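Okay, so here's the structure we're looking at.
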Amino acid sequence: MRPFVIVNCAMTADGKIAGRCRRQVRISSQEDLDRVKVLRASCDAILVGVETILADDPHLTVGGHPPERNPLRIILDSNGRTPDEAKALDSRARTLIATADACSRTWAGAETIRCGRGRVDLAALLPALSERGVKRLLVEGGGEVISSFFEGGFVDRYCIFLGSLILGGRDSPTPVDGEGFPDDQPRRLRLTEVTRLGDGALLSYEVLDDNTKT
Ligand SMILES: NC(=O)c1ccc[n+]([C@@H]2O[C@H](COP(=O)([O-])OP(=O)(O)OC[C@H]3O[C@@H](n4cnc5c(N)ncnc54)[C@H](OP(=O)(O)O)[C@@H]3O)[C@@H](O)[C@H]2O)c1
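Counting in numbering that gives the first Met the number 0, the sequence shown runs from 0 upward without gaps.
Structure, rendered in structure tokens:
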């Protein structure tokens, strides 16, 4: 058993999720931010990688919701690099930091779960999240983490907001980075929705049974 996994992120018209300095850039329209708020509120947990915490320092909460109604915040952080002062450790919601087995660091503002040698093992983490009552999991990035979810065959829905701006940069992050899949084994999607949201568009895809299972 694992949660239903939705990947959501905002991308520029040239396929970047941040600029060459890898710092947060506003890509979403106001209409998209409103959509993401509703999406977050519909999920039991919101997950990001530690590089997103270090680059963007997000709260990962639904504005206006009390802590008990906010989704659980989950950080993939194999070696315990999340700063004690990270906003995702504040009291606005509960936080779970997933580390590798060898990491012994703890945080005052978070619970920890140890799973995986070297790097957090998603195949072990996801059933553990199900056991904690996480039925719908929202993965918000960045590109390394989203790549690992696709690699493991763990993505059910992929939502991309396409913003009307260009950032360029050969090293700027994209929604799915990682090592990349072999040319003859791309992950196949089915387009289920195209919606104009202000000066941008939301594309939603269902992830077809992927090649890792064949
Ligand atoms: N536009 C958007 O919607 C959006 C959303 C989020 C982020 N961003 C941008 O994305 C960039 C950060 O993305 P990123 O790709 O550099 O990093 P990331 O995906 O946020 O974090 C990657 C890190 O997570 C840790 N990790 C632990 N277990 C992992 C696993 N199983 N698979 C993958 N990673 C795992 C690894 O560090 P350890 O080995 O130390 O554990 C890894 O280096 C920033 O520029 C941010 O602004 C954009």
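We put the CB at the ideal spot given by N, CA and C, even for glycine.
Since the model is a prediction, treat every value here as computed from it, not as a measurement.
Threonine 105 has its CB no nearer than 7 Å to any heavy atom of ligand 1. Annotation for serine 146: no beta strand (DSSP E) segment contains it, though the alpha helix (DSSP H) segment containing it runs 142–150. Taking a C-beta distance under 8 Å as the contact criterion, phenylalanine 148 and leucine 121 qualify as a contact pair. Annotated three-state conformation of valine 193 is strand, per DSSP. Put simply, the residues with a CB less than 5 Å from any heavy atom of ligand 1 are Cys8, Ala9, Ile16, Ala17, Arg21, Gln23, Gly48, Val49, Glu50, Thr51, Ala54, Asp55, Leu75, Ser77, Asn78, Arg118, Val119, Gly140, Gly141, Gly142, Glu143, Val144, Ser147, Pro172, in chain order. Three or more beta-carbon pairs separated by less than 8 Å link the stretch 60–77 to the stretch 93–102, which places the two stretches in contact.
Just so you know, the alpha carbons of alanine 87 and arginine 25 end up roughly 19 Å apart.
When the beta-carbon positions are compared, glycine 140 and serine 28 stay at least 8 Å from each other. When the five nearest sequence neighbours on each side are left out, the beta carbons in the same chain lying within less than 8 Å of the beta carbon of proline 66 are those of Ser90, Arg91, Ala92, Arg93, in order along the chain. Contact between threonine 194 and leucine 201 holds, with the beta-carbon distance rounding to 5 Å and staying under 8 Å. Per DSSP, threonine 94 lies in no alpha helix (DSSP H); the unbroken beta strand (DSSP E) holding it starts and ends at 94–98. If the five residues before and after serine 163 are omitted, its C-beta is found closer than 7 Å to the C-beta atoms of Ala12, Asp198, Gly199, all from its own chain and listed in chain order. Distance check between glycine 48 and each of Ala85, Glu130, Met10 places Ala85 closest, using alpha-carbon atoms only. Alanine 12 sits in coil when the DSSP states are folded into three classes, being neither helix nor strand. As for any beta strand (DSSP E) of minimum length 3 sitting wholly inside the stretch 0–55, the runs are 3–10, 44–48, ordered along the chain. Take valine 61, set aside five residues on each side of it, and the residues of its chain with a beta-carbon closer than 8 Å to its own are Lys36, Arg39, Ala40, Arg68, Asn69, Pro70, in chain order. For leucine 161, the enclosing beta strand (DSSP E) stretches over residues 156–162. 8 Å or more divides the Cβ of leucine 125 from the Cβ of alanine 44.
For serine 129, the three-state secondary structure derived from DSSP is helix.
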